[in-house]
Structures are given as structure tokens and as C-alpha cells.
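Convert by adding 229 to the 1-based position in the sequence shown; the result is the number in our numbering.
Don't be surprised by glycine CBs; every beta carbon is placed ideally from N, CA and C.
Notes follow the structure.
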Amino acid sequence: MTKLLGLFMLLLALAPSVFAQGGHEYSPLVEKTLNYKNWKLNDLKTNEPVDLRSLTAGKKLVMIVYFAPWCPNWRNEAPIAAKLYDKYKDQGFQVIGVSEYATRDDVRNFFGTAGSPYPVVSESESRDDKQKTPHYGYRQTTGDTRNWGSPWNIFLEPAKLAKDGDVLTEKAWVVNGELIEDEVEKFIADKLKTTTASTISPCKN
230 MTKLLGLFML
240 LLALAPSVFA
250 QGGHEYSPLV
260 EKTLNYKNWK
270 LNDLKTNEPV
280 DLRSLTAGKK
290 LVMIVYFAPW
300 CPNWRNEAPI
310 AAKLYDKYKD
320 QGFQVIGVSE
330 YATRDDVRNF
340 FGTAGSPYPV
350 VSESESRDDK
360 QKTPHYGYRQ
370 TTGDTRNWGS
380 PWNIFLEPAK
390 LAKDGDVLTE
400 KAWVVNGELI
410 EDEVEKFIAD
420 KLKTTTASTI
430 SPCKN
């Protein structure tokens with residue numbers, strides 16, 4: 230009995246590190262209650278303020294990814310985010326990047342001369358802001374215990390968002406870490422398929 234208890238405790242201790250192997254911080258897609266709010270942040274390219282609610286208009290599914298450009302885990306996810314965006318953008322899928330804890334020049338340097346393929350805005354520019362950002366608050370609410378929380382992903386369905394007010398949605402699907410590509414791609418494809426089907430009126434005799 231003692232040996233079995235010891236084995237159970239060992240497995241329990243190892244469980245949180247399963248997705249952290251190989252330098253990655255993979256996390257499953259989970260629906261959470263978090264009261265996600267609308268925001269207005271400056272666009273990386275134009276330096277003009279953009280409103281999230283307006284960015285989601287006309288889209289079927291939006292993935293917002295919070296990231297620090299210096300974070301190795303974001304560098305792991307960045308090509309996956311770009312790939313998913315390129316594959317599904319014509320079907321109503323949008324990716325929006327929110328940079329954290331780095332200067333705007335650092336973010337521009339990360340994306341290079343070609344720039345980001347999707348819109349990117351800046352929420353904070355200093356590591357000193359880590360515990361002051363909405364990003365940090367959402368992470369605390371959704372149980373993300375990582376130090377910097379980069380990347381952190383949230384999926385919004387524009388058709389279900391509140392049309393006015395600060396809170397866009399009370400619940401959303403989030404990933405407290407790097408995307409598990411196969412899982413997320415299936416989620417995206419299913420959501421886009423469901424949304425498309427719901428817009429088709431049934432035949433009437």
C-alpha cells in the first residue's frame with residue numbers, strides 16, 4: 230500500500246511537467262469563465278488606436294494571442310499561428326497579436342522587414358508591467374501559473390459577443406501556453422464549419 234501511494238504521489242508530481250518537455254509549454258484548449266473585456270490599443274504598424282470589437286467584425290472566429298517577442302515559447306508558437314491564419318483566413322478566421330513586456334521596436338524586429346501577417350497591437354512595453362496588465366489578470370483567472378504567460382491564447386466567436394459594454398464575453402476557450410496544433414486546428418475547422426452551416430437558411434416548401 231505504501232509503495233502504491235508513493236507511486237501515485239510521484240505521478241502526481243510529474244503530471245504538470247508533461248506538456249513542458251523539450252522546452253515547450255503545451256497546454257490544452259479549455260473553456261473558462263473570465264469576463265473578457267473590449268480594448269483599444271495602438272496598432273504596431275500605424276501606431277493608431279484600434280478597437281477589438283471592430284477588429285472582430287465580419288469574422289467567424291478570432292484567436293487573440295498575447296506574447297512577448299523575447300520568449301522562446303512564443304517563438305515556438307509563432308510559425309503555427311501564422312500557418313493557421315494563412316490556411317483559414319479566407320474562411321473567416323482572424324488572428325490578432327497583443328505584444329507584452331517589450332518595446333514596439335523589439336516587436337517589429339521579431340517580425341522582420343515583412344512584418345506580421347496579421348494585426349498586432351501593443352499592451353505593455355516593459356517587463357516591470359508584468360503584474361499590471363489585463364493579460365496578467367486573465368492569466369490569474371484562468372489558472373495560468375507560468376512566470377510570464379507567453380504565449381497565452383483566447384478564442385472569440387464574434388457572433389456571440391456583446392454588442393456594447395465593456396465585457397465582450399463571460400466565457401471563452403483559452404490555451405494557457407503553447408497551442409497543441411492538431412487539437413486547435415480541429416477546433417478552428419469545426420467552429421468555422423458550424424458557423425457557416427448556421428448561416429444557411431433551410432429549404433422551405
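For Met-292 and Gln-323, the rounded distance between their alpha carbons: Between the alpha carbons of Gln-323 and Met-292 lies a gap of roughly 6 Å.
Contact the stretch 255–275 vs the stretch 385–399: 3+ CB pairs below 8 Å: yes
Where the beta strand (DSSP E) containing Glu-260 begins and where it ends: 258–266
Spatially closest choice to Ile-409 from Pro-308, Arg-282, Trp-299, Lys-274, by CA coordinates: Pro-308
Counted within 10 angstroms of its Cβ, other Cβ atoms place Arg-356 as buried (16 or more) or exposed: When all chains shown are included, Arg-356 counts as exposed.
Whether Val-336 touches Pro-298 by CB criterion (8 Å): yes
Touching by the beta-carbon criterion (3+ pairs, under 8 Å), the stretch 341–348 and the stretch 357–373: Contact fails: fewer than three Cβ-Cβ distances are below 8 Å.
Three-way DSSP call (helix, strand, coil) for Gln-323 in this model: strand
Cβ pair Thr-285, Leu-385 closer than 8 Å: yes
Proximity of Glu-254 and Arg-375 at Cβ, strictly below 8 Å: Taking 8 Å as the cut-off, the beta carbon of Glu-254 is found closer than this to the beta carbon of Arg-375.
According to DSSP, residues forming a beta bridge with Trp-381: Tyr-295
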